[in-house]
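Note sheet for the following structure.
In structure tokens:
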């Protein structure tokens, strides 16, 4: 069984100004002037500045876009000239949050991908990075994530994965250790990930639901009567549960 432990999570949100700046920097410099003119036409409250000012601002964006990733962007100076929020509506601001691991000074830094195009495995790794686990457990969990197929299942037997860890990574783990970390992964989103078969996948999804009488009955059916359920022998299930078939 999993050991109970306290977990600390730190959630950070980008400010609207930061999000707006990131959005604006994604616009090619050649299209920036056209974008600003379109916003001015749509919003009568905005006024177009002098030609020199526009040219200066465009040059600043060109330099900032070219230097992005090398020297960063001087947002403080740009904010003195204009307010980015004047050019972006609320619909342009994505609603997402960044999560970071609250770790100690001796812990290895684990970066969480923030790209909107992250892969399925990247999504699982980002959730793993928010769990406070030791390095050994982390490596075991990474190997388990690598064993998950495109359907979200772990189809290889755990004893085979134990051998993989020993030969490929020189990690001599027990099957119980893998089961413990597998339970951690099965708590990740999407519900049902890390299941070893359809029965376990359905059961993991039902465990995320509220504990109503119907939900508990459904869990019992999946756990104890899955064979009859898969063959649609509902009358047999009803007799075993002592209920009417219409109640299923």
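Numbering (the working numbering), first residue to last: 3 to 250. The beta-carbon is built from N, C-alpha and C at its ideal position, and this holds for glycine as well. Note that this is a predicted model, so its numbers are computed, not measured.
Check your understanding: Looking at C-beta atoms only, is the number of pairs between the segment 170-182 and the segment 209-219 that lie closer than 8 angstroms three or more?
Key -> no
Note the first and the last residue of the continuous alpha helix (DSSP H) segment covering residue 219. Counting from 1 along the chain shown, the entry for residue 219 is found at position 217. Here the alpha helix (DSSP H) through residue 219 covers 215-226.
**Study point:** The alpha helix (DSSP H) enclosing residue 161, as first and last residue numbers
**Key:** Here the question's residue 161 lines up with position 159 in the chain shown. Note, residue 161: alpha helix (DSSP H), 160-171.
| residue 223 versus residue 152 - alpha carbon distance | Position 221 of the chain shown, counted from the first residue, corresponds to residue 223. Position 150 of the chain shown, counted from the first residue, corresponds to residue 152. So the two alpha carbons sit approximately 27 angstroms from each other.
Just curious, the alpha helix (DSSP H) that residue 185 is in, first and last residue? As a working note, residue 185 is residue 183 in the chain shown. First-last of the alpha helix (DSSP H) with residue 185: 177-187.
Problem - Span separating the alpha-carbon of residue 232 from that of residue 205 - result: Reading the chain shown from its first residue, position 230 is the one you call residue 232. Reading the chain shown from its first residue, position 203 is the one you call residue 205. Distance between the alpha carbons of residue 232 and residue 205: 14 angstroms.
**Reference residue 139, options 192, 186, 198, 126, closest by Cα** = Start at 1 with the first residue of the chain shown, and residue 139 comes out as number 137. Residue 139 has its Cα closest to that of 186, out of 192, 186, 198, 126.
Q | Integer Cβ distance of residue 195 from residue 126, believed to fall under 8 angstroms | A | In the chain shown, residue 195 corresponds to position 193, counting from 1. In the chain shown, residue 126 corresponds to position 124, counting from 1. Right, their Cβ atoms sit about 7 angstroms apart.
>> In whole angstroms, give me the CA-to-CA distance for residue 193 and residue 37.
In response: Locating residue 193 in the chain shown gives position 191, counting from the first residue. Locating residue 37 in the chain shown gives position 35, counting from the first residue. Taking the straight line joining both Cα atoms gives about 42 angstroms.
Kindly give me the distance between the Cβ atoms of residue 129 and residue 190, rounded to whole angstroms, as I take these residues to be in contact under 8 angstroms. Residue numbering aside, residue 129 sits at position 127 when the chain shown is read from its first letter. Residue numbering aside, residue 190 sits at position 188 when the chain shown is read from its first letter. About 5 angstroms separates the two Cβ atoms, so the contact holds.
Using only alpha-carbon positions, find the residue among 188, 161, 170, 169 that is nearest to residue 176. The residue you call residue 176 lines up with position 174 of the chain shown. Per the Cα distances, 161.
**Q.** Counted within 10 angstroms of its Cβ, other Cβ atoms place residue 143 as buried (16 or more) or exposed
**A.** In the chain shown, the residue the question calls residue 143 occupies position 141. Around the beta carbon of residue 143, a 10 Å sphere encloses 16 or more other beta carbons of the protein chains shown; the residue is thus reported as buried.
**Report entry** Cut-off 6 angstroms between Cβ atoms - residues of its own chain near residue 243, not counting five sequence neighbours on either side
**Finding:** Mapped onto the chain shown, residue 243 falls at position 241. Hits under 6 angstroms: none found.
Nearest neighbour of residue 200, chosen from 210, 229, 249, 40 [CA to CA]: Residue mapping note: residue 200 aligns to position 198 of the chain shown, counting from 1. Among 210, 229, 249, 40, the Cα nearest to that of residue 200 belongs to 229.
| Buried or exposed (CB count within 10 angstroms, at least 16 for buried), residue 245 | Locating residue 245 in the chain shown gives position 243, counting from the first residue. The residue in question, residue 245, is exposed, as its Cβ has fewer than 16 Cβ neighbours within 10 Å.
Exercise for review: Grab the span of the alpha helix (DSSP H) containing residue 234 for me, first residue to last.
Suggested key: Indexing the chain shown from 1 puts residue 234 at position 232. For residue 234, no alpha helix (DSSP H) run applies, since DSSP gives it neither H nor E.
**Request:** Could you work out which residue in 172, 149, 214 is closest to residue 197 when comparing CA atoms only?
**Result:** Here residue 197 refers to the residue found at position 195 of the chain shown. Comparing Cα positions, the closest option is 149.
| request: Measure the C-alpha to C-alpha separation of residue 168 and residue 157 and round it to an integer number of angstroms. | output: Here residue 168 is taken as the residue at index 166 of the chain shown, counted from 1. Here residue 157 is taken as the residue at index 155 of the chain shown, counted from 1. If you take the alpha carbons of residue 168 and residue 157, they lie about 19 angstroms apart.
Give the straight-line distance between the Cα atoms of residue 170 and residue 208, rounded to the nearest whole angstrom. For the purposes of this step, residue 170 is taken as residue 168 along the chain shown, with counting starting at 1. For the purposes of this step, residue 208 is taken as residue 206 along the chain shown, with counting starting at 1. Distance between residue 170 and residue 208, taken at the CA atoms: about 35 angstroms.
Exercise. With burial defined as no fewer than 16 other Cβ atoms inside 10 Å of the residue's Cβ, what is the status of residue 241: buried or exposed?
Worked result: As a first step, residue 241 must be located in the chain shown, where it is residue number 239. With fewer than 16 other Cβ atoms within 10 Å, it is exposed.
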